[in-house]
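**Student:**
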Amino acid sequence: MTGRHLSMHRSIRMILIGSLGVFFYNYFLLLGTAHLKAQTAFVINELWPALIILLSCWILKEKMNLGKAAAVIFSFLGILVVTTDGNLAEFSLGDSRGVFYALMAAVCYGMYCTLNKKEIYDKNLSVMISYAAGTITAFILVLIQRKLTIPTGSQAAGMLWNGIICNALPYLTWALALDLGNTAVIANLAYLTPFVSLILTHFVLGEKITVFSVLGLVLIVTGIIIQMIVNKKMEASEI
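Note that the sequence shown covers residues 3 to 241 in my numbering.
(1) Pull up the distance between the alpha-carbon of L221 and that of L79, whole angstroms please.
(2) If you follow the alpha helix (DSSP H) that P51 is part of, which residue opens it and which one closes it?
(3) Determine the DSSP secondary structure at G100, reduced to helix, strand or coil.
(4) Between W50 and Y111, which are expected to be in contact by the criterion C-beta below 8 angstroms, what is the C-beta distance as a whole number of angstroms?
(5) Find out if the Cβ-Cβ distance for the pair G218, I131 is shorter than 8 angstroms.
(6) So, L180 versus I188, is the Cβ gap smaller than 8 angstroms?
(7) Taking the alpha-carbon of P172 as reference, which of F197, S156, V206 and C115 has the nearest alpha-carbon?
(8) Nearest by alpha-carbon distance to S128: which of I46, I54 and T175 is it?
(9) Pull up the distance between the alpha-carbon of G225 and that of P196, whole angstroms please.
(10) Enumerate in chain order the residues of its own chain whose CB-to-CB distance from I17 is below 7 angstroms, with the five nearest sequence positions on each side excluded.
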């Protein structure tokens with residue numbers, strides 16, 4: 003589906019789906035990190051790959067199997083351990099607003115990835131429309147809040163880096179990956195990012211890496227391994 007043959011109905015759907023993964027995801031994630039420790043907000047946000055598996059079974063009618071179920075269960079357990087520092091008896095996440103925002107960010111991105119997999123259109127055009135819609139929405143919100151200011155040179159450079167390298171390029175390659183491969187398998191590969199994130203939050207933000215953070219991530223990766231093994235066995239049996 004090219005821009006030349008893009009209908010109004012499909013354009014609106016691209017804008018709505020794109021807004022979930024661009025504007026609303028980043029908006030809720032930034033609100034979450036403003037109320038929680040970066041490590042806590044990030045770990046809660048890591049629910050989105052598990053949500054992709056669940057949403058794919060619901061929306062895309064993909065079959066749930068033992069591997070997918072194990073990946074989801076281990077992922078939720080891992081996130082629970084990291085978030086509570088292993089103290090499951092006294093479950094506490096601090097600021098409830100921060101937890102809500104981080105959860106909403108995960109839901110928005112999980113829904114974006116799932117719906118994007120369902121749609122058949124040019125991914126380059128999709129990313130362009132998504133960011134255009136997100137930019138307009140963010141600009142309107144800034145005007146409503148009366149917080150419009152002219153950025154400095156360093157702020158503008160940071161925005162360009164964050165927008166292009168940290169957002170636009172990853173969004174495009176991620177959408178292409180979901181379009182070409184198995185949704186659940188690709189979603190689980192995203193669980194490798196928490197290891198990098200923990201290292202960065204330690205050296206950049208000075209947050210301490212706890213034993214429970216490592217244990218939680220081991221649980222997450224265990225779910226990935228189980229799911230991959232089950233999928234390989236199922237694929238082998240179908241040959």
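Note that beta-carbon positions come from the ideal geometry of N, C-alpha and C, so glycine has one too.
**Tutor:** Let's see:
(1) 7 angstroms
(2) W50 to I61
(3) helix
(4) 5 angstroms
(5) no
(6) yes
(7) C115
(8) T175
(9) 14 angstroms
(10) I131 and A135
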